[in-house]
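Have a look at the structure below, then the notes.
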Amino acid sequence: MSESTTKVGVYICQCGINIGAVVDCEAVKNHAATLPNVAVARQYQFMCSEPGQEMIKKDIREFGLNRVVVASCSPRMHEPTFQAVLKDAGINPYFFEMANIREHCSWVTRDHVEATEKAKRLVQGAVARVFWQEPLESREVPVTPSALVVGGGIAGIQAALNIADAGYHVYLVESDASIGGRMAQLDKTFPTLDCSACILTPKMVLVGRHPNITLLSYSEVIGVSGYVGNFKVKVKKKPRYVELGKCTGCDECTKVCPVEVPSEFDMGLKNRKAIYRPFAQAIPSAFVIDKKKSPCKITCPAHIHVQGYIALIAQGKINEALDLIREQIPLASVCGRVCTHPCEDECKRREVDEPIAIAALKRFAADNADPDRPIKMGALTKKQKVAVVGSGPAGLSCAYDLFRNGYRVTVYEAMPMAGGMLAVGIPEYRLPKGILNREIDAVKKLGVEIRLNTKIEDAGALLKEGYRAVFMAVGAHKGNGMEIPGKDLKGAYDAIDFLRETNLGRRVAIGKKVAVIGGGNSAIDAARVAVREGAESVQVFYRRQRQDMTAMTAEIEAAEAEGVNLNFLTTPARLLEKNRKVGGMECVRMELKELDASGRGTPYPVKDSEYITEIDTVIFAIGQTPDLSLITNVKGITTTRQGIVVVDPATLETGIAGIFAGGDMSWGGGTVIEAIAAGKRAAVSIDRFLQGIDLKEGREEDPLRARDIQVTIPAGTKEAPRPPMPELKVADRCSNYREIRLGFTREMAIAEAERCLSCAVCSECRQCEVACQPKCINHDMKEEILELDIGSILLATGHDFFHAPSLPQYNYGRFPNIIESMEFERLCSGSGPTGGKVTLANGKTPESVAIIHCVGSRDSHSNSYCSRLCCMHAMKQAHLVKERTGAQVYELYIDIRASGKGYEEFYEKVQREGVLFIRGRGAEVVGQGGQLVVKAEETGLGRPITLPVDMVILSTGMIARKNSAGVASIFHITRDQHGFFMEAHPKLKPFHTNTDGIFLAGTCQAPRDIPDTVAHASAAAAEVLSLLARGKVAIEPLTAQVNPERCSGCRVCIALCPYQAISLGGTENQKTVEVNEVLCKGCGVCVAACPAGAITTRHFTDRQILAQIEGVLAR
Amino acid sequence: MNYSYMPGCSLLSTAKGYDSSARAVVKALGSELVELEDWSCCGANAIESVSYLLSVSLPARNLALAEATGSDLVTSCSSCFLNLFKVNHRLKREPGLKTKLDEILGAAGLHYSGNIRVRHLLDVIANDIGIEAVAGRVEKKLTGLKVVPYYGCQTVRPYGEYDGPYLPTSMDRLIEAVGADVFPYLWKTRCCGGVLMTTETEIGVKLVSELLAAAQGADCIVTVCPMCQMNLDAYQGKISAKLGMKMNMPVLFLTQLLGLAFGLPSEVLLLDQNVVPMNPQLRQLQNA
């Protein structure tokens, strides 16, 4: 475009008095006429009117104009109007520029001379700029013919029905288990006093049945990408654990569920069970299980359903408790006695008083259930045989799981009895052989073959004998011994050997003065056995300090009670001989220096600190290693320097396919429960191996740690002590092997189980499964992620209510009978906690009630805005109180807002019913002498008043939902200063957002009542339908362009783009970036950031902008 | 740590016990209240209705003097606290005020830049010195003594600088720190009537009798404002008549209570200067 051919038309608008009264439009027009390239300049009262627009069209024809400048209001108002004019006249609409001489000039400048000068300059800038403008074409993209409605309250329901009835498909996503929202919780609605549920539920049923609506309940939107007409939405369907199609709503499950938590629907005034239906008319009408993560189950290495059996014990269902435990492990009695119970360390009850005695409860269930109860298992369906080497806890658990899964399992045990360390390590007084054998016998009775006295010399040979897989769990039965002079003298033993011999019933010759070296459980076991074997003095020598000992604290204390002496920071240097036996021990004192990998100080001998102790027996308990003879000839299985087998920690595979290993032989000494967990892990691996399934997939451990779980301690939880375990008196036990811990009684067990806080809510006790007739409960359901293609989105996510404790002067929660308005709705509801009777906390009927308006509204200390509907619902509640109780009702208000249809009439009706309206803000509510006293000012009388009443209802205002910040960011929309979603224009576009294709319905945008919500929702639905019906949408061409010759591929722009519209492209040799013009919104961040100046935005080129600046500044 | 300290006029006369016990308690805790030289009246309650500028300049004078010493200004009187604090608050929000204040103070050869903080003694003891330090200094635990924490209104309202405006807890924690029991009390910040006790005695008596009636069952009330202390302490005769019961509730300053627990001498605590005499428990604690 050259200077000579550019013809600009300039139009100065007076906009009535808006511009005309401040700016001298005639002078501006005259000045404009003198500017370069201006062919015609005019001024007119209203350029946006038809005559105004016609004027422009006429001039285009007559003068051959090819550029137009209008100086008037903001382009946000009328840019589209004038662009349409150019289009109609056959000129590209982007040859148009607006100068804002109203919002930027006449409305903000007082001095008329200044304003006129400024207007002239703005016009100069526009004229200079328009010269450089280029013709641009909008592009059209198709619109996917489906809509997403987020939120199933009345707004979402209304909008979904409108869109679905028009013939388009709607996905309605609701995060609760049922649609209905807040309206389902209301009793009667103003002003008609319609029952809320009666007018809502027909619409809910329609939604549930509508062929065009896919209802995704108990689901949340977790990600949105794309652009108007072409959104990609990710929805997470939370596991309901109940199959929707099958549940008949019969309600048998709630009768047996042992866990109760406050009901959200009833505002905490009533409890519900862990399995529940939100309310009777719920859509979907199925039940749902509220199941969170329980700290005890996560911490248990075997992930036993701890909370489940505790809940069953609390109900007295001991048999069912044992069934639940035995679903996962065969050694309930054993674990109940010897487990180190890491679960108790994470039990959240310790935040109140002490953790639950989980292990003791497990023991109680195992000891007291019906001994002949059968163990559930499947049929021997699988043909493959599996060999397990070692019948300790790892081997037994693996065999147990595999066998119940249908495999044929043979367990090989080298010793004359089964049980591994359980039989030959742990002494009788901790774990009676009778108890152990009873549980092993139960496994044998199932059909698992255990071959005793059969040592496997070569694990590889097993594979050749027809076993398709082998699990090695031989434990670590070789004591490490100590390399000191004299170790081979008579009277020097290793603890592992010592314990094994005594456990097998064979006497070991020990003297009178016994020394045990070491600080672990084996050392303590050995010491206490030595006491029972008749030693006069037993001393433990440990090279570190008491707090560093790995033995269980309870065991250490028991040992000391039995007379065992503990010596710390000392270690033997050599054994002294006397008559060819151990006659004494030379020890050296130790000091601790730098911390080692276990977090304990490293011991170093103190120089010249040797001393002699007179002893005649030494038992070394300083570690154990496995006997690895069974793999010496198996090539491919690696071992560490410490002599343990290397395995993949997730799958327990060794280097040989089909051979797995776990337990002490793969980590050199751990606990019983860790061994059991290893056995179970191996069973899963072997099952997958034999089925040819990938061993690792889907087995990642949940990264959640118990200490990251936050638990709300229920209000009113009283401190209660943990019962001490009844024990044999010390005097009764040192000379025998009678079991020391006697176990809980039934009363103690049930009381202890009742202390459980039900952290996970659903305890997985599985009683609901038993009670469910249609068999629709599935506790293993997982969450599902859906990806949807959506054309337009409508947000109807609703609101929260202001919570009164933030205003301490109302003393909510400090005195009874001060309630919030939603709590009153539930009290009044026939389906609520009192069946519709308005009562005080003590059950009596109130004789006087005060309703305080504007709690959390119109208040600089909380929210400054008016919540719009509370006056009406407060008056409705006054009416209901009067109707149900005949009480004296006071309404304490600032102003009465009753502006809707029928609202003023309702106000008058309520006054006629005798409700007393007091104009004065309720200032304070206190309890005095068993009553509530409200202080307020009676502004009419001009003096303060005190009102003694029985009940106070606080009318709390609507606030934005707690999660609104997160939701806004998922949908890329903004929020206003109060947290509600931001509309595009408060007067003309209250249901649009600034993001194309996303609309708002209902209280998520601002407080409103039901009729306004329904209207707002249908309006937003109309916008959605407009998009979907058009089938295509124009995208503005104001997007970024890359000049590939300048682009160096530095990628700075990619990270900065807020719409992820830039990606790396180009060739192999020269990478350059590419802009997705449909995602690009033309914000210009990439243009500003590009160090090479390789990106420009159309219609905002440097040349255009600089011309505008020069134009404004020119003299 | 040393603080610049303005006792206020009441503490030189009717509330001498507050001043002397405050200085001694702070010293016993390892800090010192250094009296601001040439401090003057803060304006109390009445001035603002006479002249707004005077009501700002009077306290601002003290702030100018304190600023010159380089330290924040601490006061034990709640009225002084509020008046001084308001100067800073208003300077930030009223555009023309600084110019006027500069002129007025300038005429007296003073200048205030608005750079120091105003602290109430309760805030300094509870939050700067700290509860643990107070507990550590206790020599006789006031076990079994039931104490009402009465804050009055001016120290926590309207600005709520260092504690809640309706149910604050700083004094409660200090009472517990010296081993005593906090008597459950809803009227912690309810108005005592202020100057109305002298100008409209009937109103003052009505307000205070509610406060005292709710305190029945406690052994004493502690407060941190000389006006509150006077109103609760000096009119119990009239209040007894109004309530129809014999009222004998000792009203102490917080620092007198702390001093008792620290074992400070009675010449410093001046408990006998209070109108209602000490009851047997308090006397016993003093003599122990």
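Going line by line, the protein sequences match chains A and C.
Mind the numbering: the first sequence is residues 16 to 1130 in our numbering, read in order.
Mind the numbering: the second sequence is residues 9 to 296 in our numbering, read in order.
Glycine residues also receive a C-beta, built at the ideal position from the N, C-alpha and C atoms.
These figures come from a predicted structure and were not determined experimentally.
Per-residue burial, residue i [other beta carbons within 10 Å of its own, 16 or more giving buried]
i	result
residue 24 of chain A	buried
residue 233 of chain A	buried
residue 112 of chain A	buried
residue 9 of chain C	exposed
residue 326 of chain A	buried
residue 550 of chain A	buried
residue 788 of chain A	exposed
residue 127 of chain A	exposed
residue 176 of chain C	buried
residue 228 of chain A	buried
Short CB-CB distance (under 9 angstroms) between residue i and chain C
i	result
residue 964 of chain A	no
residue 824 of chain A	yes
residue 941 of chain A	yes
Residue closest to residue i, alpha-carbon to alpha-carbon, out of the options
i	options	result
residue 611 of chain A	A:27, A:301, A:68, A:559	A:559
residue 288 of chain A	A:301, A:271, A:124	A:271
residue 184 of chain C	C:269, C:34, C:111	C:269
residue 137 of chain C	C:233, C:200, C:37, C:42	C:37
residue 801 of chain A	A:129, A:186, A:126	A:186
residue 581 of chain A	A:591, A:564, A:588, A:597	A:564
residue 483 of chain A	A:464, A:413, A:423	A:423
residue 280 of chain A	A:732, A:246, A:194, A:326	A:194
residue 200 of chain C	C:169, C:238, C:172	C:238
residue 453 of chain A	A:349, A:442, A:943	A:349
residue 906 of chain A	A:916, A:946, A:865, A:928	A:865
residue 121 of chain C	C:78, C:149, C:84	C:78
Residue i at chain A interface by Cβ criterion, 9 angstroms
i	result
residue 212 of chain C	no
residue 279 of chain C	no
residue 204 of chain C	no
residue 60 of chain C	no
residue 174 of chain C	yes
residue 194 of chain C	yes
Report task. Would you be able to state if there are at least three C-beta pairs under 8 angstroms between the region 280 to 296 of chain A and the region 308 to 319 of chain A? Result -> Fewer than three Cβ pairs drawn from the region 308 to 319 of chain A and the region 280 to 296 of chain A lie within less than 8 angstroms of each other, which leaves the two stretches out of contact.
Query - Runs of alpha helix (DSSP H) lying entirely within the region 206 to 250 of chain A, each at least 4 residues, in chain order - result: With a minimum length of 4 residues, the continuous alpha helix (DSSP H) runs that stay inside the region 206 to 250 of chain A are 211 to 224.
Query raised in the report: Looking at C-beta atoms only, is the number of pairs between the region 447 to 465 of chain A and the region 494 to 508 of chain A that lie closer than 8 angstroms three or more?
Result: Cβ pair count under 8 angstroms is below three, so no.
**Report entry** Contained alpha helix (DSSP H) runs [length at least 4] in the region 1045 to 1123 of chain A, N- to C-terminal order
**Finding:** Within the region 1045 to 1123 of chain A, the alpha helix (DSSP H) runs of at least 4 residues that lie entirely inside it are, in chain order, 1067 to 1071, 1100 to 1104.
Query raised in the report: Does the region 629 to 641 of chain A come within contact of the region 604 to 618 of chain A, defined as at least 3 CB pairs closer than 8 angstroms?
Result: Counting Cβ pairs under 8 angstroms, fewer than three are found: no touch.
Query raised in the report: Is it true that the region 697 to 707 of chain A meets the region 666 to 680 of chain A, where meeting means three or more beta-carbon pairs spaced less than 8 angstroms apart?
Result: By the Cβ criterion, the region 697 to 707 of chain A is in contact with the region 666 to 680 of chain A, since at least three pairs of Cβ atoms, one from each stretch, lie closer than 8 angstroms.
Query raised in the report: Counting Cβ pairs, one atom from each stretch, are 3 or more of them under 8 angstroms apart for the region 963 to 980 of chain A and the region 875 to 882 of chain A?
Result: The region 963 to 980 of chain A is in contact with the region 875 to 882 of chain A.
Query - Sufficient close CB pairs (3 or more, under 8 angstroms) joining the region 1049 to 1059 of chain A to the region 1104 to 1116 of chain A - result: In short, these stretches touch, since the Cβ pair count reaches three.
Requested in this report: Would you check if the region 902 to 914 of chain A and the region 1016 to 1035 of chain A touch, i.e. whether three or more CB-CB distances between them fall below 8 angstroms?
Outcome: Flag = no, the region 1016 to 1035 of chain A and the region 902 to 914 of chain A do not touch.
Query raised in the report: So does the region 235 to 243 of chain A actually touch the region 745 to 756 of chain A, counting three or more Cβ pairs closer than 8 angstroms?
Result: They do not touch, by the three-pair rule.
**Report entry** Length-filtered (3 minimum) beta strand (DSSP E) runs lying within the region 479 to 518 of chain A
**Finding:** Runs of the beta strand (DSSP E) inside the region 479 to 518 of chain A: 482 to 487, 507 to 509.
**Report entry** Within the region 533 to 562 of chain A, ranges of the beta strand (DSSP E) (whole runs, at least 3 residues)
**Finding:** Considered as a whole, the region 533 to 562 of chain A harbours 552 to 557 as its complete beta strand (DSSP E) runs of no fewer than 3 residues, in chain order.
Query raised in the report: If you scan the region 191 to 258 of chain C from start to end, which runs of the beta strand (DSSP E) of 3 or more residues do you find wholly inside it?
Result: Counting only unbroken stretches of 3 or more residues, the beta strand (DSSP E) elements lying wholly within the region 191 to 258 of chain C are 228 to 231, in sequence order.
Report task. May I have a chain-ordered list of the beta strand (DSSP E) segments no shorter than 3 residues that lie completely inside the region 930 to 1010 of chain A? Result -> The qualifying runs are 931 to 934, 939 to 943, 946 to 953, 958 to 964, 966 to 971, 973 to 975.
Report task. Can you check the region 112 to 145 of chain C for any beta strand (DSSP E) of at least 3 residues that lies completely inside it and give the ranges in chain order? Result -> List check, beta strand (DSSP E) in window: 126 to 128.
Report task. Mind listing, in chain order, the continuous alpha helix (DSSP H) runs of no fewer than 4 residues lying wholly within the region 45 to 133 of chain A? Result -> Runs found: 65 to 78, 90 to 103.
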